[in-house]
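To keep things clear, I will list the structure first and then write my remarks on it.
Number of protein chains: 2
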Amino acid sequence: MEATAPLRIGVAGIGTVGSALVHLIERHGNDLAVRSGRAITITGVSARDRSKDRGVDLSAMTWFDQATELAADPGNDVFVELIGGADGTAKASVEAAIAAGKHVVTANKALLAAHGNELARQAEAAGVSLNFEAAAAGGIPIIKTLREALAGNTVSRLYGILNGTCNYILTRMEQEGIGFEECLADAQRLGYAEADPSFDVGGQDAAHKLALLTAIAFGTEVDGDSMYVEGISSISPADFEAADELGYRIRLLGVACRTDSGIEQRVHPTMIPKSSAIANVTSVTNAVAVEADSVGELLLCGPGAGGEATASSVISDIADIARGDRVGTFGRPASDLEPYRRAAMRAHEGGYYIRLAVYDRPGAFAAIAGRMAELGISLESIVQRHRAPRAAAPGQLVPVEPAPVILITYDTHEADIRTALDTIKADGHIADAPQMIRIEQLG
Amino acid sequence: MEATAPLRIGVAGIGTVGSALVHLIERHGNDLAVRSGRAITITGVSARDRSKDRGVDLSAMTWFDQATELAADPGNDVFVELIGGADGTAKASVEAAIAAGKHVVTANKALLAAHGNELARQAEAAGVSLNFEAAAAGGIPIIKTLREALAGNTVSRLYGILNGTCNYILTRMEQEGIGFEECLADAQRLGYAEADPSFDVGGQDAAHKLALLTAIAFGTEVDGDSMYVEGISSISPADFEAADELGYRIRLLGVACRTDSGIEQRVHPTMIPKSSAIANVTSVTNAVAVEADSVGELLLCGPGAGGEATASSVISDIADIARGDRVGTFGRPASDLEPYRRAAMRAHEGGYYIRLAVYDRPGAFAAIAGRMAELGISLESIVQRHRAPRAAAPGQLVPVEPAPVILITYDTHEADIRTALDTIKADGHIADAPQMIRIEQLG
Chain A
2 MEATAPLRIG VAGIGTVGSA LVHLIERHGN DLAVRSGRAI TITGVSARDR SKDRGVDLSA
62 MTWFDQATEL AADPGNDVFV ELIGGADGTA KASVEAAIAA GKHVVTANKA LLAAHGNELA
122 RQAEAAGVSL NFEAAAAGGI PIIKTLREAL AGNTVSRLYG ILNGTCNYIL TRMEQEGIGF
182 EECLADAQRL GYAEADPSFD VGGQDAAHKL ALLTAIAFGT EVDGDSMYVE GISSISPADF
242 EAADELGYRI RLLGVACRTD SGIEQRVHPT MIPKSSAIAN VTSVTNAVAV EADSVGELLL
302 CGPGAGGEAT ASSVISDIAD IARGDRVGTF GRPASDLEPY RRAAMRAHEG GYYIRLAVYD
362 RPGAFAAIAG RMAELGISLE SIVQRHRAPR AAAPGQLVPV EPAPVILITY DTHEADIRTA
422 LDTIKADGHI ADAPQMIRIE QLG
Chain B
2 MEATAPLRIG VAGIGTVGSA LVHLIERHGN DLAVRSGRAI TITGVSARDR SKDRGVDLSA
62 MTWFDQATEL AADPGNDVFV ELIGGADGTA KASVEAAIAA GKHVVTANKA LLAAHGNELA
122 RQAEAAGVSL NFEAAAAGGI PIIKTLREAL AGNTVSRLYG ILNGTCNYIL TRMEQEGIGF
182 EECLADAQRL GYAEADPSFD VGGQDAAHKL ALLTAIAFGT EVDGDSMYVE GISSISPADF
242 EAADELGYRI RLLGVACRTD SGIEQRVHPT MIPKSSAIAN VTSVTNAVAV EADSVGELLL
302 CGPGAGGEAT ASSVISDIAD IARGDRVGTF GRPASDLEPY RRAAMRAHEG GYYIRLAVYD
362 RPGAFAAIAG RMAELGISLE SIVQRHRAPR AAAPGQLVPV EPAPVILITY DTHEADIRTA
422 LDTIKADGHI ADAPQMIRIE QLG
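These protein sequence lines are chains A and B, in that order.
Count the first sequence with the numbering used here and you get residues 2 to 444, in order.
Count the second sequence with the numbering used here and you get residues 2 to 444, in order.
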């Protein structure tokens, strides 16, 4: 009868996801028991403010003021960490739960990006599961897909739209031709962006998620710090206009790929062909594509955030534990993860979109093209838009105004592009800093 | 040490998928062992013709002339059935393996669509796994997603592009404006269609796959026979032309949804909005979308066929068994599956695309519109193209030629549409049988 005893859950952090989890376990309780082979019941909860009305009935559960106490309490078998943050209470309580021999389910990408290797080792030593489906791409089962479904694959590249806030902003900019600031303000009004949006629009949130996916996909230790991260705030309507003409869309992508010098991990605004499947992923939807030797290419799209969608992933992790399914935290024993060897971003090779505000005077463009040629950079296309000349009053000098020039390069080393742009800037032919957006070749 | 003994696999059927499986287990052997916690080794094989060169080295494996003998042989722990066919050797050997207490992995949709309930009960009674990720949508991990990842969800609708042959043909017809027969011949030449293509283009292959997905998604017994199935051979370039103008694409969809009167399962050519994510799934790629209460909408796209992609799914099933993960065949105990209650297709409600060849004479169109109105069918749009009148020699009668009329209805009962079309046909105003394509509303 031991095997059919209810699985007792302790939930720390009763915010949007935590409340949704309580709701869903109530709503799906009977079915969950049938599917998992045993009842799943929340026995303990913990949150900062006990008096706050969360719209869920917590009266049947034991309240803990301290998450670490809930984590150590013998009244639950699984500790669900929904507190957030890379350190502090989240880390302390997850460690306490593991030390108490409990399985842990967490939605905390920051925690795992910073301490995933250490926590995976602890969980392994204690013989418990550390599951985190909800930590990357919300309701999309990408962790399960990478950890389990792709066991017979060697991944060559993984890329995705991993931040709904950025995708919402970029999609609206694209569709309505409006600027970044205006879209961001709308996103904040609609609850798609935080009051302090820097973590999302700066790319760090996507970077944390990418780090977790990379570890599983490539069998390496998690390294959330060693990657190139660039946010979306520099993208302007002029870039969308040019992208559209050239057959591209602009998305914030997280990309991880195997190169000769190591694993390249990067998060940056990216030009992707309109015809690619991921280019049609709009608004707050997330998507992850995996390219691997056996399966070829897989694409998973779904909600990247939201209480119930995220709680759906938490329940998936809990159900796995209830059934007794055990997978290594990052898909294999922590001791078998290879050290993460970072490929230098300057060695990145790809096409580049470059937008320059070139002073409209004789020889300017020739000088720029010359700088490119010196570094062996070949141009696939050049779009130069001449401004209509301003009418000048008799005897008045017409000021030299910069005209936009768009260049698309063939595959080039990042180091060369950067050198070229520095030199061009120093030559004094362009106004403003050059805009540079990487192009990703997608199948 | 028992737990870390190699998992010994017997493979029956060494065709495209079987050979790929042998290759992949060789290629990924070490990594698979790390990920599964134990070595995975093929110890026995069986196929019809021993002398055939399959491009793989089978010399280290024991050869069995009879699949049933391999299935019963104590030299393997897992029986992989890649023989195919709903009955005969496939069924006999799977039953023999289960009777011998072995786990079974199969890619055989026909077998499970016909005998899934019975085999699931047998597997359950024997305490073994019956895994079949490769039986639906090739390399896409949709079985795992439905069985495990969506444990905390109630599915309301599931739809997908489940047959690569049909999708290839429809995509080419759409992109090149050519006819069905020509595309089919090309598909055959390229190996995308069988010499006898009727099973694919008639929709039965998609129907088998849909039946398996439906059982897991809705918790019902498998019923591969009780569904409406219509193939793609009636689709003409004129339909693609009209679809394009109206903002639609045409795909063969399998759709299962919950209705008041039961589960509606249907496979038919479908008009889907160009803006929908699945409309951008082209060529032989498959895709499955799931709409569920917690997660909202998920979409998975990937290869629906091909040796290595399908073998990737077989390996996923084997790795689950190697790790000791156990899930009910259809996501829950066979005894907990509800009987499948079929919703009558005539009760289906949706929009319809109708193309009629209307004799160009006074009152014809009014009569047709009148018939629609009598049955309460509202028209969302009407496109009538007048043919340029043929020049007649003096004194010669101009023959009345049919002109194409396209109607799009608002949501209507299938029964009413069928009655309307029967009546219109009987009225004698149209040449040829009316073309009718269901429209699916997609988010």
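Using N, Cα and C, we set each Cβ at its ideal position, and we do this for glycine too.
Predicted model only: the values in this text are computed from it and were never measured.
Apart from sequence neighbours up to five positions away, the residues of its chain that approach Ser313 (chain B) with a beta-carbon distance below 6 Å are Gly140, ordered along the chain. Spanning the alpha carbons of Ala216 (chain A) and Tyr411 (chain B) requires a straight line of approximately 50 Å. When secondary structure is reduced to three states using DSSP, Phe241 (chain A) falls in the helix class. The C-alpha of Glu309 (chain B) lies about 38 Å from the C-alpha of Leu25 (chain A). Residue range Gly89 to Ala100 is occupied by the alpha helix (DSSP H) that includes Val95 (chain A). Counting only runs of 3+ residues, the beta strand (DSSP E) found wholly inside the segment 398-442 of chain A occupies 403-410 and 431-440, in chain order. Around the beta carbon of Pro75 (chain B), fewer than 16 other beta carbons lie within 10 angstroms, which makes this residue exposed. By the criterion of a C-beta distance shorter than 8 Å, Glu298 (chain B) is surrounded in its chain by Ala290, Val291, Glu292 and Gly444, once the five residues flanking it on both sides are discounted. Note that the C-beta distance between Ile99 (chain B) and Leu131 (chain B) is below 9 Å.
Less than 9 Å separates the beta-carbon of Gly178 (chain A) from that of Glu242 (chain A). Per DSSP, reduced to three states, the secondary structure at Asn31 (chain A) is helical.
Leu33 (chain B) sits away from Val46 (chain B), with the two beta carbons spaced by 9 Å or more.
The DSSP-derived three-state label of Tyr193 (chain A) is coil. Annotation for Arg9 (chain A): the continuous beta strand (DSSP E) segment containing it runs Leu8 to Ala13.
Taking 9 Å as the CB threshold, Ile141 (chain B) lines the interface with chain A. Inter-segment contact for the segment 159-176 of chain B and the segment 193-205 of chain B is present: three or more beta-carbon pairs are separated by less than 8 Å.
Leu151 (chain A) sits close to Ser317 (chain B), with the two beta carbons spaced by under 9 Å. Counted as a single uninterrupted DSSP element, the beta strand (DSSP E) harbouring Phe65 (chain B) occupies residues Thr63 to Phe65.
Taking every protein chain shown into account, the CB of Pro304 (chain A) has 16 or more other CB atoms within 10 angstroms, so this residue is buried. In the structure shown, Leu301 (chain A) falls within a strand segment according to DSSP collapsed to helix, strand and coil. Residue contact with chain A for Asp321 (chain B): present (Cβ-Cβ distance below 9 Å to some residue of chain A). The DSSP assignment places 308-324 as complete runs of the alpha helix (DSSP H) inside the segment 307-369 of chain B, in order along the chain (cut-off: 4 residues). A Cβ of chain B is located within less than 9 Å of the beta carbon of Ile316 (chain A). Secondary structure of Ser295 (chain A) (DSSP, three-state): coil.
Short of 6 Å from the beta carbon of Leu300 (chain B), and not among the five residues preceding or following it, lie these beta carbons of its own chain, in chain order: Ala278 and Ala290.
With the criterion set as a beta carbon lying under 7 Å from some beta carbon of chain B, the members of the segment 279-305 of chain A are Asn281, Ser295, Val296, Gly297, Glu298, Leu299, Leu300, Leu301, Cys302, Gly303 and Pro304, in sequence order. Of all residues in the segment 170-182 of chain B, none is placed with a Cβ closer than 7 Å to any Cβ belonging to chain A. Going by beta carbons, Asn77 (chain B) and Thr107 (chain B) fall outside the 9 Å limit. Beta-bridge pairing by DSSP links Ile251 (chain A) to A:Met272.
For the pair Phe331 (chain A) and Ser382 (chain B), the Cα-to-Cα distance works out to about 54 Å. In chain B, no part has a C-beta under 9 Å from the C-beta of Asn118 (chain A); the shortest such distance is about 16 Å.
In the DSSP assignment, Val202 (chain B) falls outside any beta strand (DSSP E) and lies within the alpha helix (DSSP H) extending over Ser199 to Val202. In this structure, Ala68 (chain A) keeps its C-beta atom at 9 Å or more from the C-beta atom of Gly102 (chain A).
Look at the segment 30-54 of chain B: the residues with a C-beta under 9 Å from a C-beta of chain A are Asp32, Leu33, Val35, Arg36, Ser37 and Gly38. For the segment 213-226 of chain B, the set of positions with a beta-carbon nearer than 7 Å to some beta-carbon of chain A is empty. Distance from the CA of His430 (chain A) to the CA of Ile369 (chain A), rounded to the nearest whole angstrom, comes to 8 Å.
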